[in-house]
């Protein structure tokens with residue numbers, strides 16, 4: 743593995759599982775000094791230990807403004823920051839409890855906003871959000887998630903102007919086989935993945951590493967800012 747990020751300080755918020763964990767590993771393999779931040783200390787410490795290479799874990803609840811501000815004040819400067827943390831409810835707007843909808847927005851959108859407004863990113867460094875392709879291809883059963891993802895994409899474009907020369911981008915995944923789907927029965931999950939693979943031009947469901955590769959690409963590409971990169975196997979056009 744190359745050392746294209748050798749010595750760079752990288753923060754992955756939400757790095758204790760799935761896409762965030764894959765991104766943390768990808769940066770560490772390329773020589774970065776990685777900090778994983780998550781409110782799940784057990785998972786975060788386990789992932790940091792599994793990645794090795796000096797990867798650190800720091801507890802952080804991105805729904806608490808005071809906690810985010812305190813963390814950012816003591817964490818120092820990072821070369822690259824990735825925000826993939828979120829806990830979002832799903833369901834039809836008219837049946838989804840409003841408190842659950844607010845909590846989803848507070849976690850995925852306002853959580854990213856809290857980090858973006860407080861974290862110190864080196865000039866020429868990068869800030870990358872993880873949104874989702876529902877922002878460009880809505881689903882009748884996931885309207886809220888689509889709205890949150892679209893808001894994140896728009897936030898990144900605006901921040902690319904406000905925070906320049908820090909680069910701000912978004913990676914927008916489609917269906918990715920992450921632990922998020924472990925709550926489904928195995929047969930139901932396998933059937934869903936198989937059906938999706940038949941519909942997608944890529945002919946398979948995504949893996950966390952697919953999204954991590956896009957995150958690394960954006961961090962390593964100094965002429966990319968204000969961009970949204972779809973990593974959806976063609977889901978937005980299928």
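Residue numbers (our numbering): 743 to 980.
Glycine is no exception: its CB is placed at the ideal position from the N, C-alpha and C atoms.
Cutoff 6 Å; reference residue i; Cβ partners in own chain excluding five residues on either side
i	result
residue 850	828, 830 and 890
residue 802	779 and 813
residue 716	One cannot answer for residue 716 here, as it falls past the ends of the chain, which runs 743 to 980.
Assumed close pair residue i, residue j - CB separation to whole angstroms, cut-off 8 Å
i	j	result
residue 883	residue 834	6 Å
residue 921	residue 953	Wrong, their Cβ atoms sit about 14 Å apart, outside the cutoff.
residue 765	residue 824	5 Å
residue 865	residue 908	7 Å
residue 971	residue 910	Actually they do not touch by this definition, with Cβ atoms about 13 Å apart.
residue 804	residue 853	3 Å
residue 820	residue 753	5 Å
residue 791	residue 777	Between residue 777 and residue 791 the Cβ distance is about 14 Å, and since that is not below 8 Å, they are no contact.
residue 879	residue 978	5 Å
residue 961	residue 973	Their Cβ separation, rounded to whole angstroms, is 14 Å, which puts residue 961 and residue 973 out of contact at 8 Å.
Rounded straight-line distance, which links the Cα of residue j to that of residue i
i	j	result
residue 967	residue 783	32 Å
residue 774	residue 868	14 Å
residue 938	residue 818	42 Å
residue 788	residue 763	11 Å
residue 729	residue 838	Past the edges of the chain, shown from 743 to 980, lies residue 729, and the structure says nothing about it.
residue 934	residue 816	44 Å
residue 963	residue 751	16 Å
residue 761	residue 836	30 Å
residue 924	residue 932	11 Å
residue 847	residue 875	16 Å
residue 990	residue 976	Summary: the structure shown does not reach residue 990, with the chain confined to residues 743 through 980, and so no result is reported for it.
residue 856	residue 781	15 Å
residue 946	residue 887	23 Å
residue 872	residue 948	15 Å
residue 806	residue 858	14 Å
residue 843	residue 862	30 Å
residue 841	residue 832	12 Å
residue 895	residue 958	18 Å
residue 870	residue 929	34 Å
residue 744	residue 965	21 Å
residue 892	residue 767	27 Å
residue 798	residue 749	14 Å
Run of the alpha helix (DSSP H) containing residue i, from where it starts to where it stops
i	result
residue 793	783 to 793
residue 885	885 to 904
residue 807	807 to 817
residue 765	760 to 771
residue 852	840 to 860
residue 929	928 to 941
Residues sharing a beta bridge with residue i, DSSP
i	result
residue 780	801
residue 948	918
residue 868	822 and 909
residue 775	751
residue 863	820
Neighbourhood of residue i by C-beta distance below 7 Å, restricted to the same chain and skipping five residues each side
i	result
residue 860	810, 811 and 814
residue 747	769, 772, 773 and 774
residue 796	775
residue 785	758 and 759
residue 917	938, 947, 948 and 977
Where the beta strand (DSSP E) containing residue i begins and where it ends
i	result
residue 751	751 to 755
residue 970	970 to 973
Contacts around residue i, its chain only, beta-carbon distance under 8 Å, and the 5 residues preceding and following it disregarded
i	result
residue 906	967
residue 980	941, 942 and 943
residue 903	968
residue 919	935, 947, 948, 949 and 950
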